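K.L.:
So that we are looking at the same thing, I have put the structure below in structure tokens.
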Amino acid sequence: MLALLFLFIGMNLSAATKPSDCGVYEIYGKMTKNKKGPGFLYLVNQGTLSEYKFSLLPQHEIKLSPYIDLSSKIKARINKRITGYQGEFAAIESAEVVAPDAAMLTKNHGFYLISREKCQ
Amino acid sequence: MRKTLTILLIAHSFTAYSAENAIYMIGGGGEPTGAATTQFDESVRAMGQFFKLNKRKYDATISFNGGHRETEDIIRTDWEYEGARVNKNFTKSNYEKTIQEMKDKLNKNPPEIPENGKLLLFINTHGGEKSGNTHRISLVESPMTNMNSGSDDMVSLDSLQELIDLAEAKKVKLAIVDGSCHSGNTLALKGPKACIISGSGPNHYAYSSFADTFAHNMFFGRSLEEVFQITRDAMLGEGFPMISTPEGIETQDKLYPLLTPFMYYHDEYRGMQLDKIDNYLASIKTNEMMCQREVQYSELQNVLTLIEDVNTITRKPWWSSKVIVEKQVDLNSLKEKIAAYKKTQDEYIDKFRKLNIDGYDKIEKVTSTALENYFTRREIVSTDYDALIATKTAELRLAPLTEADQKNTIRLRDFYEEAKRVQQRIIKENPDYGIYKTLVAGLKTDEKVNRTVASEINKEAHIAYNAYYKAKQKEILSKDPKASNPCKDFVL
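Protein chains in written order, with the numbering used here: chain B, 445 to 564; chain P, 708 to 1199.
If you want it as structure tokens, here you go:
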């Protein structure tokens, strides 16, 4: 029974909060200054125990530069399996401002897989 | 003999009313996951209380929410344990199932609700702007992401038309109370014999206690028209509640279109923009639109003065030769508040009209030696390149960087410097872009266009609504003292 419960919780989490596969995702987060080094980070589930930090390549940083410190939705490709809570985007296709969802109360947080691809 | 009579009376009281009437409550959708409650809980509790006290008269069904612990507790305690049917979770399929059950009740042979029986549908959930003939409402699986358009996966209330037609054919008294935002759109359902009540006008949020107060005011023996009037008097917050009585339709037709822009405001709700004023102000572009706005304002002043006039009495006391004029309804304060808000709106409209923001979303390419990207002009204008250049300069000066990081930081600084030059060129060529940006940002914090301003107008507009409604009611009754309407006929 307990195993079923954990399985259910696990399934629910994987739907929106964890990028378990490679592919194109719709991701809700925020580009913010990296406090421990140069450049910026893209944070998902900011301030929670499941906070993901994506370091940004220069071409991705400039793409997101109009959205610094704003809640945004990006369409991005992840081509390497994410271990732990840190990763990097292979590409960022688009970005737009969305309503903030700091308390994770709406659909505007986490990862939504659009198309699955093979990890490199 | 006495004993027999008592038994007969008790038996009668149990049988005479059973299943002749029904109440249905649906909604509670669009609420954030993870919370224990929803903002609709009070109405669920109050409707449950009504059912509890009137169980012998009403059969009850609820399909509400799903996933909010305290809300589900209320449903269980005040509805399920009291004998109501629960179509658990307000999903699309349960919405359809619940409406079908209502139809089945009318279609059965013999019908579960007989001729002259009553069927009340109470809706309390989030609602979007006009869509189709009416509007769409939130389900449990459709969290609100936009307070105007709503979200994906909502259901349309257009499907209620069939229920209205069926109730009319079966001569059953049907009432629909829609407490959601933009619920004035529900009055577009056509049914001269149905009573339809909404918590707001079609273009406004129902950011108020309307639904809760309405449910609390539902008492045995009261007509829905009375409940509506009592609720309108007592409610807190904004919205422009509407009713489908002839008095209501005339009052709403006369006042609502004219009051509409003065009940718009800017606010935030759970991080989402509650905004009706920004787009309105930016949309008044042509002289014709300005002219129409002036005509409507002047008409509004006339209607308000007319309401005052019909509610003015003159009397001549026996001790004096002077005639005393007494205003029963004083709308001066409302007129002043509207005039002040109009002035603010006019100032903004004037500023917006002077701006030329054609091409604001045109794509521009920014290229530096090592990097390039395409942006909309809107993106370039809104980016703080000075801050980005300062950040990169500080990183180069302060942080111990690896060779690769240093190279990237220099590339980025160069790119932002180039982007700043592009920004300066765009603003030089289109000076209005910068002004537009500042103007829109300023609107969001300007207290002269916020909820409080519209709320004050809304509150005082109710005095005008009430006075007009009552005057119309008096006129109808003077022509036909027995005149009635579906909301007056729907006695709880």
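Here a beta-carbon is modelled for each residue, glycine too, at the ideal position from N, C-alpha and C.
Since the model is a prediction, treat every value here as computed from it, not as a measurement.
1) P:Leu-896 and P:Lys-810 - do their beta-carbons sit closer together than 8 Å?
2) Who pairs with P:Ile-883 in a beta bridge, going by DSSP?
3) Does B:Gly-481 get closer than 8 Å to chain P when you measure Cβ to Cβ?
4) Does the separation of the CB atoms of P:Phe-771 and P:Gly-741 fall below 8 Å?
5) Three or more C-beta pairs closer than 8 Å, one from the region 1048 to 1056 of chain P and one from the region 1070 to 1079 of chain P: is that the case here?
6) Just checking my contact of P:Leu-1038 with P:Leu-1007 at CB under 8 Å: how many whole Å lie between their CB atoms?
7) Could you pull out every unbroken beta strand (DSSP E) segment of at least 3 residues lying fully inside the region 909 to 994 of chain P, listed in chain order?
8) So that I know if they touch, is there some Cβ in chain P lying closer than 8 Å to that of B:Ser-509?
9) Name the residue from P:Asp-1112, P:Arg-1120, P:Ala-901, P:Asn-986 whose alpha carbon lies nearest to the alpha carbon of P:Tyr-1212.
10) Between which two residues does the beta strand (DSSP E) carrying B:Glu-470 extend?
11) I'd like the list of long-range same chain contacts for P:Leu-1184, defined as Cβ closer than 8 Å, with 5 residues on each side in sequence excluded.
12) Could you name the residues of chain P that B:Gln-530 contacts, counting a contact when the two beta carbons are closer than 8 Å?
13) Where do the ends of the alpha helix (DSSP H) carrying P:Ala-1148 lie?
14) What in chain B is Cβ-close to P:Asn-1080, meaning under 9 Å?
15) Below 8 Å between beta carbons: does that hold for P:Thr-1019 and P:Glu-1033?
16) Can a CB atom of chain B be found closer than 8 Å to the CB of P:Ala-743?
17) Under three-state DSSP, which class holds B:Leu-449?
18) Between the region 1106 to 1133 of chain P and chain B, which residues of the former have a C-beta closer than 8 Å to a C-beta of the latter?
19) Taking buried to mean at least 16 other C-beta atoms within 10 Å of its own C-beta, is P:Trp-1025 buried or exposed?
20) Under the rule that 16 or more other beta-carbon atoms within 10 Å means buried, what is P:Ile-883, buried or exposed?
21) Tell me the rounded alpha-carbon separation between P:Arg-939 and P:Ser-887.
22) Please go through the same chain and pick out, in chain order, the residues whose beta-carbon is closer than 7 Å to the beta-carbon of B:Lys-584, but skip the five residues on each side of it.
23) What is the DSSP secondary structure of B:Gly-568, counted as helix, strand or coil?
24) I think P:Ser-890 touches P:Gly-834, with their Cβ atoms under 8 Å apart; what is that distance to the nearest whole Å?
25) Looking only at its own chain, which residues have a Cβ that is under 8 Å from the Cβ of P:Glu-822, when we skip the five neighbours before and after it?
26) Output the distance between the C-alpha atoms of P:Glu-777 and P:Ile-956, rounded to the nearest integer angstrom.
27) Tell me the DSSP secondary structure of B:Ser-515 in three-state form.
28) What does a CB cutoff of less than 6 Å around P:Val-1030 pick up in its chain, not counting 5 residues either side in sequence?
29) Step through the CB atoms of chain B and report whether any lies within less than 8 Å of the CB of P:Thr-798.
30) Look at the alpha carbon of P:Leu-1103 and the alpha carbon of P:Asp-974, and state the distance between them as a whole number of angstroms.
31) Just verifying my parser: in three-state terms, what is the DSSP assignment at P:Gly-773?
32) Which of the three DSSP states is assigned to P:Arg-1000 in this structure?
33) Go to P:Tyr-1172, then tell me how far its alpha helix (DSSP H) extends in each direction, as first and last residue.
34) By the 10 Å Cβ neighbour count, where 16 or more other Cβ atoms means buried, how is P:Met-942 classified, buried or exposed?
35) For B:Gln-530, does the three-state DSSP call read helix, strand or coil?
36) Might you give, ordered along the chain, the residues of its own chain that have their beta carbon closer than 6 Å to the beta carbon of B:Glu-537, omitting 5 neighbours on each side?
P.N.:
Let's see:
1) no
2) P:Leu-828, P:Ile-903
3) yes
4) no
5) no
6) With 8 Å as the limit, P:Leu-1038 and P:Leu-1007 do not qualify as a contact, their Cβ atoms being about 11 Å apart.
7) 973 to 976, 979 to 982
8) yes
9) Any property of residue 1212 of chain P remains undetermined from this structure, which presents chain P solely from 708 to 1199.
10) 466 to 477
11) Ala-1190
12) Those within 8 Å of B:Gln-530 in chain P number zero; the least Cβ separation is about 17 Å.
13) 1138 to 1150
14) Gln-503, Ile-506, Lys-507, Ser-509
15) yes
16) no
17) The predicted position of B:Leu-449 is uncertain, since its pLDDT is 41 and thus under 50; a value taken from the coordinates is nonetheless stated next. Reduced to three states, the DSSP call for B:Leu-449 is helix.
18) Ala-1106, Leu-1108, Asp-1112, Asn-1115, Thr-1116, Arg-1118, Leu-1119, Phe-1122, Tyr-1123, Ala-1126
19) exposed
20) buried
21) 15 Å
22) A question about residue 584 of chain B goes unanswered here, because the residues of chain B that appear run from 445 up to 564.
23) Not covered by the structure: residue 568 of chain B. The range shown for chain B is 445 to 564.
24) 6 Å
25) Lys-877, Lys-878, Val-879
26) 38 Å
27) strand
28) Thr-1021, Lys-1023
29) no
30) 41 Å
31) coil
32) helix
33) 1158 to 1186
34) buried
35) strand
36) Lys-519
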